[in-house]
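For the record, the sequence lines run as chains A, B and C. Residues in the first sequence are numbered consecutively from 1, following the working numbering. Residues in the second sequence are numbered consecutively from 1001, following the working numbering. Residues in the third sequence are numbered consecutively from 2001, following the working numbering. Glycine is no exception: its CB is placed at the ideal position from the N, C-alpha and C atoms. What you are looking at is a predicted structure, and each value in this text was computed from that prediction instead of being measured.
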Amino acid sequence: MMNTDMDRNEFKHVGKNLKASQEIKRPSLSYWKDAYRRLKNNKVAMLSFWVLVILIIMSAIGPVITKNLYGHTYESQNLAEQNQTPIMTNARSIALLANDVFEYDKYLSSYRKDKTTFKNVRLKSPGKIGFKIGNAADESWQGDKKEYQLMIEVSSSDTWSSIIEKLNNEGQRLLQEDPDFRGIKFEKKGSNLVIETVGEKWFNKTHWFGTDEFGRDLFTRLWEGGRISFFIAFISVFIASIFGIIYGGLSGYIGGKVDEILMRIVEILMTVPDMLYTILLLTVMDPGIKPISIVLIVTGWMGTARIVRGEVMRLKHSEYVVAAKTLGADTKKIVFEHLIPNAMGPIIVNMTMMIPKMIFAEAFLSFIGLGVPVPYASWGSLANQGARIFRQFPHQLLIPAIAISLTMFAFNLLGDGLRDALDPRLRK
Amino acid sequence: MKKILEVKNLEVSFDTYAGEVQAVRDVSFDLYEGETLAIVGESGSGKSVTAKSLIRLNPEPPARYKAGEILLHGENILDKKEKEMQKIRGSKIGMIFQDPMTSLNPTMTVGKQIMEALMKHQKVAKSEARKVALEMLRMVQIPNPEKRFDEYPHQFSGGMRQRVMIAIALVCNPQILIADEPTTALDVTIQAQILDLMKNLQEKIKTSIILITHDLGVVAHSAQRIIVMYGGKIVESGTTDQIFYKSRHPYTWGLLNSVPRLDIHKEDGRLDSIEGTPPDLFAPPQGCPFADRCEYAMEICRKKMPPQFETGENHHSACWLNHEFAPKVENPTQIAKKLQKEEVQMREQ
Amino acid sequence: MLKYILKRLLMALATLWVISTLTFVLMHALPNDPFTDPKLKPEVRQALRVKYGLDKPLSEQYVIYMKNLLKGDLGTSIKYPGRSVSDIIAESFPKSFALGWRALIIAVIFGMLLGIIAALNHQKTLDYLSIFIAIIGVSIPSIILGPILAYFFGVKLGWFPVTVDKSEISLFLPSLTLAMSSLATISRLMRTTTLEVLGQDYISTAKAKGLSKTQIVLKHVLRNAVMPIITILGPLFAALITGSIVVEKIFAVAGLGEYFVSTITEQDYPMIMGITIFYAALIILSILVVDIMYGFIDPRLRISGKGGE
């Protein structure tokens, strides 16, 4: 088939071409460069990283911004501005004054009470229905101290539609008398009575995240809290890791009986639930940032110790350690210059995953009252305060909650990404 | 002899994040009733992927069957749906794997693992299945089978676990047994035992065996026909005698020379090995995959893929040296030289 | 096997001893005692100290303390005079337990389900969805989740009653809140171990036998993937206990966690010590039970009596 169109010259002997066969077609990268490349490709992890950077930057400059703009600090109180929300409205509140006329199953309202719903209303008897519109105490919202009374009489011949008409007419009358009233709308939706007052909405210009019950600016407090929460978390993780590295590194390297004893100690200490011990320790210490950090360090170093010991034991018998030994290197040098840098991968991942645990621990302690003292704020204590008043002013819980959750979320994803990137088995 | 399996122009690729890896590039061979066919090659040659393709065991993605057919009794395996494949696996075609230490479920008794294979494919009562499984343990020469039946894999040695694997693979009397490097992870003495066992059972059950290995020593003992694979392609195929004594491919020569033999004396006492490394299957070479490592390579070898030249009765070699334009190269292997010497001696007598 | 159990038992007792000693040391490391109320007259204060044995030297106090512990006597509360610590525990713990075991079941069953589904659909939508749920469970602490769930499902939608009583439905929200972070942990772990198991050689063997995917999962994957989960059950109990502290406060349940928090702020030392030891004992006991259970499930331990791989 091919003999005729084959060229005899092509059958000239050329021999081996080993360089070509040994050429590795893809450039080889060092461990760290390869890990960095893999991490960069992990979009989720990179996104988390940038989110965290933003959060940390905000914690640093947030309070500075508001101090310069409005003079807010984390502790300056202004009761006249208490419980403001990020979005303000000057619609007046609705309160039921008198009611001879109807029964209802449930009463729901927005936290400003500018929209209320009476569920499943049923006519009972004729008489008065009266509402108080507006509240002098809400001055920072309404803009004034005005209150209005809206009253109607209901007779036995009235139906719901006539009652609604009467109510709306009365509202109109009040509005014509005084435009500051701003207006009100009564509606019957199905079996529910829905009442809503009219008002404008705008973004809170002086308190971007609103205020708490003492009128303290939440934006400032949030980022001050961020400083404290991040500080506690980072310091605790850092110092705990150092202890863990030293303890675990030495234990793993020395091995034998020493290792067994050291690890038994760790095993026993780890069985003790750390929460219990942080609580106990804080009970005997005065509250504050230092004690919390100390306590977190004391309960946090063991995990790192275990991991480092594991890595060191694994690496102990690898060739380059044996080589270093034969060259006369002493224990300390081997541990610090050879073993630990190679164990850095899992150590870094461990540290990244510890931070959200610390943040959570701090929030937990604040929740049960062992956190940073008043008036300092940490995210945990902010959440604690907010949880108490959640039903009326959800933003006071939601804002620190989002901060905490976002941070923990981001660190978890970043940690996962780091773990995948630094795992030598996934090198391709 | 009846043909049981026909593989025609099989092409299998893997889609990875870095691109397409062409693991198997145009492989064709047949399997006959009752024979043992060996597929020999180094890691990366495509032999395992080929074997797994016969029962579609490669995870599909990332594996992709680009082209070709695998005909089992005339039906194309590559066309079958998963449910149909499940009926074939374990009952018509059995497979044993390389590492007996990790191939058995550590939390299930050995007996149950054998019974499972039986009960999946045949409607038998548990008691009946147990009897058959016990019989299989006896057949693979596990001593004290009644006691061993209820034991766990970690209580067995490597060689014994491999016997259990064989029992599992053969319990439904399959027509084909695929053995993927069955002795690589075992001691040399155990290797011989396992190979003998397989030969023994083959005669009893009349099953054909496809033996995958990189060790020619194993092959000489057990196989009637041999296929040599390199870089995803078949470079030589023939009977065991033809491949060992009359090979016509430089790669096979390299393999033969690197098998240590007691009866051949080497002046320098060193083992030969083939210099260089296998080709990158991301970007396979256009010409012969072995060209870069071949000391007989010619210009055409680097440019064009050699076709299968017929160098004997059912003996094929994909090498340009077999072309009439090529210089005449003698088989340089020690074995061939020894055979020559013997033939010369015989003629002189 | 017996050797294994004995070893574990010994470790448990040793740990318990260490914990009680540590608790004692910590509580008495303070220069002050619970009677720091400046309104107290010095004589009254001294009398109280005598009554609670705080005037004796530390070593003597320790011996008394340990003896009492062995008898099961945890002392009497200072802030609830006349009531023994053990009584208070016995009264409030059942309420915590009611939440606890429900949370455990929710966490284990749904955690495992979520993890397996994720692994079987590796890197497809279902997988990412379950990872997402898991990370939410881990990132949103019960402090935040509790009030939010209570508000939306309790108040706004009205599906659940606002207060907790003996009814099954009122216990649901607090149990779910308690379960969330454990559920997330279990599902993540289950996903990892299932993926590992799926990559094992014996799964190839099972496939080569012709078994269907369901059969492979049920008979070969499950049993092997569950084992690592059992090892974290111990720390899981610990998490449930600390979690209950928060949940009880949010949902106003008069359980042991509630008491614990209030005694901390009130500095009721016998109560604090007593509850701590009780909790610790509970955790150690559950770890012991889990370890023994593990010994039975892993045939490698069961038969040779030695540890793991």
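Chain A contact for residue i (CB, 7 Å cutoff)
i	result
tyrosine 2062(C)	no
glutamate 1236(B)	no
leucine 2282(C)	no
serine 2262(C)	no
glycine 1068(B)	no
aspartate 1292(B)	yes
glutamate 1011(B)	no
tyrosine 2080(C)	no
glutamate 996(B)	Given that chain B is displayed from residue 1001 to residue 1349, the structure contains no residue 996(B) and the question cannot be resolved.
glutamate 1299(B)	yes
Within-7 Å CB hit, residue i to chain B
i	result
histidine 13(A)	yes
glycine 2307(C)	Interpretation of glycine 2307(C) is limited by its pLDDT of 39, a score under 50 that renders its predicted location unreliable; no figure is taken from the coordinates.
For residue j and residue i, believed in contact at Cβ under 8 Å, the rounded distance
i	j	result
methionine 313(A)	glycine 252(A)	5 Å
serine 1053(B)	leucine 1010(B)	6 Å
proline 86(A)	tryptophan 223(A)	Not quite, the Cβ-Cβ distance comes to about 15 Å (not below 8 Å), so this is no contact.
isoleucine 2284(C)	threonine 2015(C)	5 Å
alanine 410(A)	leucine 39(A)	The pair is not a contact, with the Cβ atoms about 14 Å apart (cut-off 8 Å).
lysine 2240(C)	alanine 2103(C)	Per the sequence shown, the amino acid found at residue 2240(C) is leucine instead of lysine. Right, the Cβ-Cβ distance comes to about 6 Å (below 8 Å), so this counts as a contact.
Classification of residue i by the beta-carbon crowding that lies within 10 angstroms, buried from 16 upward
i	result
proline 346(A)	buried
leucine 2006(C)	exposed
leucine 422(A)	buried
phenylalanine 2296(C)	exposed
phenylalanine 203(A)	exposed
glutamine 1345(B)	exposed
phenylalanine 2152(C)	exposed
phenylalanine 230(A)	buried
methionine 1(A)	Because methionine 1(A) carries a pLDDT of 45, less than 50, the predicted location of this residue cannot be relied on, and no value is offered for it.
lysine 1337(B)	exposed
glutamine 429(A)	The displayed coordinates of chain A run from 1 to 428. Any statement about residue 429(A) would go beyond what the structure contains.
alanine 2252(C)	exposed
tyrosine 107(A)	exposed
serine 157(A)	exposed
lysine 2306(C)	Annotation note: pLDDT 41 at lysine 2306(C) (below 50); position unreliable, no value reported.
valine 237(A)	buried
Distance cut-off 6 Å: residue i Cβ against heavy atoms of the ligand NAP
i	result
alanine 2206(C)	For the ligand NAP, the structure offers nothing, since it holds no ligand at all.
Cutoff 7 Å: residue i Cβ touching any chain C Cβ
i	result
threonine 271(A)	yes
alanine 1117(B)	yes
methionine 88(A)	no
glutamate 1180(B)	The question names glutamate, yet the displayed sequence has aspartate at residue 1180(B). For aspartate 1180(B), the answer is no, since every Cβ of chain C falls outside 7 Å of its Cβ.
leucine 280(A)	yes
alanine 421(A)	no
tyrosine 1017(B)	no
aspartate 1099(B)	yes
asparagine 192(A)	no
phenylalanine 409(A)	yes
alanine 387(A)	yes
field: Ranges of the beta strand (DSSP E) found wholly within the stretch 1126-1201 of chain B, counting only runs of at least 3
entry: Scanning the stretch 1126-1201 of chain B for uninterrupted beta strand (DSSP E) segments of 3 residues or longer gives 1176-1180, listed from N- to C-terminal end.
- prompt: Taking Cβ-Cβ distances below 8 Å as the criterion, which residues of the stretch 2018-2030 of chain C are in contact with chain A?
  reply: Answer in chain order: Val2018, Ile2019, Leu2022, Thr2023, Leu2026, Met2027, Ala2029 and Leu2030.
field: Residue ranges of each alpha helix (DSSP H) within the stretch 2253-2309 of chain C, 4 or longer
entry: With a minimum length of 4 residues, the continuous alpha helix (DSSP H) runs that stay inside the stretch 2253-2309 of chain C are 2256-2266, 2269-2297 and 2299-2304.
field: Proximal residues, the stretch 231-250 of chain A versus chain C, C-beta separation under 8 Å
entry: Within the stretch 231-250 of chain A, no residue has its Cβ closer than 8 Å to any Cβ of chain C.
- prompt: In chain order, what residues of the stretch 1039-1058 of chain B put their CB closer than 9 Å to some CB of chain C?
  reply: Near chain C, meaning a CB-to-CB distance below 9 Å, the residues of the stretch 1039-1058 of chain B are Lys1052, Ile1055 and Leu1057.
query: Which of the residues in the stretch 1324-1347 of chain B, read from start to end, lie with their CB under 8 Å from any CB of chain A?
result: For the stretch 1324-1347 of chain B, which is checked against every Cβ of chain A, the residues closer than 8 Å are Glu1324, Phe1325, Ala1326 and Pro1327.
message: Threshold first: 4 residues or longer. Then list the alpha helix (DSSP H) segments lying entirely within the stretch 129-180 of chain A, N to C.
response: Correct list: 139-142 and 160-177.
message: Counting only Cβ-Cβ distances shorter than 8 Å, please list the residues of the stretch 2127-2151 of chain C near chain A, keeping chain order.
response: Listed by position along the chain: Ile2135, Ile2136, Val2138, Ser2139, Ile2140, Pro2141, Ile2143, Ile2144, Gly2146, Pro2147, Ile2148 and Tyr2151.
field: alpha helix (DSSP H) segments (min. 4 residues) lying fully within the stretch 69-99 of chain A
entry: Complete alpha helix (DSSP H) runs here, min 4: none at all.
task: Residues of the stretch 2194-2223 of chain C with a CB closer than 9 Å to any CB of chain B: list them in chain order, please.
output: Here the close residues are Gln2200, Asp2201, Tyr2202, Ile2203, Ser2204, Thr2205, Ala2206, Lys2207, Ala2208, Lys2209, Gly2210, Leu2211, Ser2212, Lys2213, Gln2215, Lys2219, His2220 and Arg2223.
message: Under 7 Å, CB to CB, which of the residues in the stretch 2221-2243 of chain C have a partner in chain B?
response: So the close ones are Arg2223 and Asn2224.
message: At a CB distance below 8 Å, what residues from the stretch 2263-2276 of chain C approach chain A? Give them in sequence order.
response: Taking 8 Å as the Cβ-Cβ cut-off against chain A, the residues of the stretch 2263-2276 of chain C that qualify are Ile2264, Thr2265, Gln2267, Ile2272 and Thr2276.
- request: Identify each residue in the stretch 343-376 of chain A for which the Cβ-Cβ distance to at least one residue of chain C is less than 8 Å, and report them in chain order.
  value: Within the stretch 343-376 of chain A, the qualifying residues are Pro356, Phe360, Ala363, Phe364, Phe367, Ile368, Gly369 and Leu370.
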